[in-house]
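With my numbering, letter number 77 in the sequence shown gets 77, and the count goes up by one each step, no holes.
Built from N, CA and C at the ideal position, the CB exists for glycine as well.
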Amino acid sequence: MVQAETLCMVVADGVRADTMARAIAAGSVPALARLAAEGGLHTVTTVFPSVTGLAYVPFVAGRHPAPIGVPGIRWFDRTRRHLRGLGASRSYVGWAMRFFDADLDPHVETLFQRAQPAMGAMTMVGRGLDRAQWVGRSLYWQARAARIHFLRGGLRRWLDWDRDVAARVAARVRRERPRFALAAILTPDKVQHAQGQDSPFLAETLRIVDALVDELRHDAEREGRADRLRIWVVSDHGHSPTPHHDELTDVLRELGLRVASHPFTAGANRADAVVMASGNAMAHVYLDARRPERLLQRALEGAWRDVVDALASRASVDLAMIPTAADRCLVRNATGATAEVAWRHGRVDYRPQTGDPLGLGEERLDLDDAAAWDVTAQRTHPDALVQIATIAGAARSGDVILSAQPGWDFRRKYEPVLHASGHGALHRDHMLVPLVVDQPVSGTPRRTVDIGASALAALGITPPTGVEGRVFL
Ligand SMILES: [Zn+2]
């Protein structure tokens with residue numbers, strides 16, 4: 001294979017794997033269809049929680065986000081060592097997204113650093129990009145976003161926004177010839193949140209992605225560098241209808257607890273419980289939040305056990321994860337079936353206790369990352385073993401980690417516009433994402449971390465230490 005001079009990664013934010021496959025089969029995205037025909041269309045799993053921002057970390061770093069500092073789109077720092085003000089809480093929805101890179105482990109290196117000159121558009125993670133290389137960071141874009149948001153500009157204005165982003169990306173790739181470019185088209189996510197999968201705007205957003213790919217490709221062909229350009233199209237999470245909204249803060253208040261939750265986090269320092277939802281089909285619940293250390297085994301004792309039971313038995317909850325030690329976690333489903341997931345040195349065990357909540361049929365021991373993916377890929381919760389181990393072991397995660405039942409999410413009161421469709425859960429509706437690669441691959445693309453690892457390899461870059469993905473080229 002000719003080594004790539006430029007790798008363009010186009011993120012079709014929130015596009016389900018089956019949505020992409022249907023669009024390609026229907027002939028409505030000819031440029032993507034051509035890429036898929038020459039290379040391949042694959043279905044891979046994203047990270048849990050399946051939400052924008054942190055789900056881009058695998059693309060640019062080949063790493064899972066939770067262990068390197070970002071366990072959700074909202075999280076609470078019970079140690080108060082990293083986040084001191086604002087109730088020790090972080091929400092990347094809004095102005096605080098600027099802190100995303102600083103919250104990541106300082107040792108983590110990204111493709112933006114390793115593959116200079118680089119550029120990024122509409123990405124929350126941008127470590128290594130300077131301002132001029134980062135489309136979407138300037139005041140111009142912030143003012144424009146605020147105008148659409150507050151003047152209720154509607155979806156048409158967001159579509160215009162993405163056409164503008166795509167045009168700028170194509171022009172800059174043509175002019176600057178970056179080694180690595182990541183361009184996110186965000187409207188597929190926005191239109192599904194507002195109108196669901198049947199929105200007539202969804203097809204229009206895919207045509208924006210298609211037109212961008214077409215332009216990148218034609219430019220390269222015209223300039224005789226098509227064999228040195230790689231174009232990969234990916235998504236960061238799925239989507240599914242969420243007609244039901246469960247307000248977890250009310251559940252906890254009814255148990256007599258003092259609760260803090262975004263956007264009212266000022267009291268988090270004095271709270272018994274802090275709720276931090278992502279997507280919103282996922283939530284970290286921090287219990288006994290005044291103490292700097294995680295509950296772990298204590299979550300199963302005394303009054304905390306009743307709180308955990310109350311949360312886990314909600315109709316809205318599909319899976320409840322309760323980390324019990326630094327290297328193990330209980331996972332419980334809606335019927336109360338419980339199993340233990342344990343991990344050490346990159347290998348994972350699954351031991352049913354009172355049932356088989358992940359539907360794996362039997363005990364599974366000593367699986368490496370590939371085997372753990374293979375036994376779960378066709379199940380309701382693809383990649384559940386590695387994802388549970390990853391998030392439960394992360395220091396910034398909650399004491400109870402909830403993944404929503406299809407049809408539900410965890411925020412009713414404080415969402416400006418109720419979501420018609422959402423994401424964030426460990427369910428396959430949210431975890432499966434498409435990957436279009438423009439050349440045949442010899443390995444098996446499994447996870448989005450494999451995309452970051454393979455992008456480094458395609459550019460001939462030695463991977464930084466800690467990269468978790470496997471190269472599929
Ligand atoms: Zn979203």
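On a Cα-Cα basis, can you pick out the residue from Leu385, Trp304, Arg174, Val275 that is closest to Val259? As a position in the sequence shown, residue 259 is number 259, starting the count at 1. Of Leu385, Trp304, Arg174, Val275, the residue nearest in Cα terms is Val275.
Following the continuous alpha helix (DSSP H) through Arg95, name the residue where it begins and the one where it ends. As a first step, residue 95 must be located in the sequence shown, where it is residue number 95. Reading off the sequence, residue 95 comes out as Trp, not Arg. Segment: none, Trp95 is in no alpha helix (DSSP H) and carries neither H nor E.
Between Ser421 and Ser240, how many whole angstroms is the CB-CB distance? I'm expecting something under 8 Å. On the sequence shown, residue 421 is found 421 positions in, with the first residue counted as 1. On the sequence shown, residue 240 is found 240 positions in, with the first residue counted as 1. Separation of the CB atoms of Ser421 and Ser240 is rounded to 6 Å, and the pair is thereby assigned contact status at 8 Å.
Could you check if Gln133 is buried or exposed, using at least 16 other CB atoms within 10 Å of its CB as the buried criterion? Counting from 1 along the sequence shown, the entry for residue 133 is found at position 133. Per the 10 Å Cβ criterion, buried.
Assigned secondary structure, Thr187 (DSSP; H/G/I helix, E/B strand, else coil): For the purposes of this step, residue 187 is taken as residue 187 along the sequence shown, with counting starting at 1. Looking at Thr187 - three-state DSSP - the assignment turns out to be helix.
Taking the beta carbon of Leu365 as the centre, do at least 16 other beta carbons fall within 10 Å, making it buried, or is it exposed? As a working note, residue 365 is residue 365 in the sequence shown. Leu365 counts as exposed, since fewer than 16 other C-beta atoms from the protein chains shown sit within 10 angstroms of its C-beta.
Quick one: any contact between the stretch 2–11 and the stretch 218–234, if contact means 3 or more CB pairs under 8 Å? Between the stretch 2–11 and the stretch 218–234, the count of Cβ pairs shorter than 8 Å is three or higher; the stretches touch.
Which parts of the stretch 295–360 are runs of the alpha helix (DSSP H), unbroken and 4 residues or longer, counting only runs that do not cross its ends? Runs of the alpha helix (DSSP H) lying entirely within the stretch 295–360, each at least 4 residues long, are 302–312 in chain order.
What did DSSP end up calling Ala121 once you bin it into helix, strand or coil? Position 121 of the sequence shown, counting from 1, holds the residue named residue 121. Here DSSP, grouped into helix, strand and coil, assigns Ala121 to strand.
Which residues bound the alpha helix (DSSP H) around Ala23? In the sequence shown, counting from the first residue as 1, residue 23 sits at position 23. 17–26 is the extent of the alpha helix (DSSP H) around Ala23.
Taking Asp105 as the reference, which of Leu139, Thr465, Ile24 has the closest Cα? Position 105 of the sequence shown holds residue 105. Taking the Cα of Asp105 as reference, the smallest distance to any Cα among Leu139, Thr465, Ile24 is reached at Thr465.
Identify every residue that forms a DSSP beta bridge with Ala110. As a working mapping, residue 110 is identified with position 110 in the sequence shown. It is Thr, not Ala, that sits at residue 110 in the sequence shown. In the DSSP assignment, no residue is bridged to Thr110.
Hey, would you say the C-beta of Thr205 is under 7 Å away from at least one heavy atom of ligand 1? Here the question's residue 205 lines up with position 205 in the sequence shown. No - ligand 1 has no heavy atom lying nearer than 7 Å to the Cβ of Thr205.
Ala404 and Ala268 closer than 8 Å at C-beta: By one-based count along the sequence shown, residue 404 stands at place 404. By one-based count along the sequence shown, residue 268 stands at place 268. Taking 8 Å as the cut-off, the beta carbon of Ala404 is found no closer than this to the beta carbon of Ala268.
Beta-carbon within less than 7 Å of Thr462's beta-carbon, same chain only, minus the 5 sequence neighbours each way: which residues are those? Mapped onto the sequence shown, residue 462 falls at position 462. Cβ within range, chain order: n/a, list empty.
Given the structure, does Gly14 come close to ligand 1, in the sense that its CB is under 7 Å from one of the ligand's heavy atoms? On the sequence shown, position 14 is the one that residue 14 refers to. Checking every heavy atom of ligand 1 against the Cβ of Gly14, one is found closer than 7 Å.
What are the partner residues of Ala458, as DSSP defines its beta bridges? Along the sequence shown, one-based indexing puts residue 458 at 458. DSSP lists no beta-bridge partner residue for Ala458.
Could you tell me the alpha carbon to alpha carbon distance between Leu287 and Val173, rounded to whole angstroms? Residue numbering aside, residue 287 sits at position 287 when the sequence shown is read from its first letter. Residue numbering aside, residue 173 sits at position 173 when the sequence shown is read from its first letter. When rounded, the distance between both Cα atoms is 48 Å.
Does the separation of the CB atoms of Pro406 and His423 fall below 8 Å? Start at 1 with the first residue of the sequence shown, and residue 406 comes out as number 406. Start at 1 with the first residue of the sequence shown, and residue 423 comes out as number 423. Not a contact, by the Cβ cut-off of 8 Å.
If you measure between the beta carbons of Thr45 and Met431, is that distance less than 8 Å? Counted from its first residue, the sequence shown places residue 45 at position 45. Counted from its first residue, the sequence shown places residue 431 at position 431. Cβ distance < 8 Å, so Thr45 and Met431 count as in contact.
Proximity test, Asp429 beta-carbon vs ligand 1 heavy atom, cut-off 7 Å: Translated into the one-based positions of the sequence shown, residue 429 becomes position 429. Asp429: no, Cβ never under 7 Å from ligand 1.
Backbone CA spacing between Arg177 and Asp250 [nearest angstrom]: Looking up residue 177 in the sequence shown gives position 177. Looking up residue 250 in the sequence shown gives position 250. Distance from the CA atom of Arg177 to the CA atom of Asp250, rounded to whole angstroms, is 52 Å.
Straight-line gap, Ser89 to Gly27 (C-alpha atoms, nearest Å): Within the sequence shown, the letter at position 89 stands for residue 89. Within the sequence shown, the letter at position 27 stands for residue 27. Roughly 46 Å between the two C-alpha positions.
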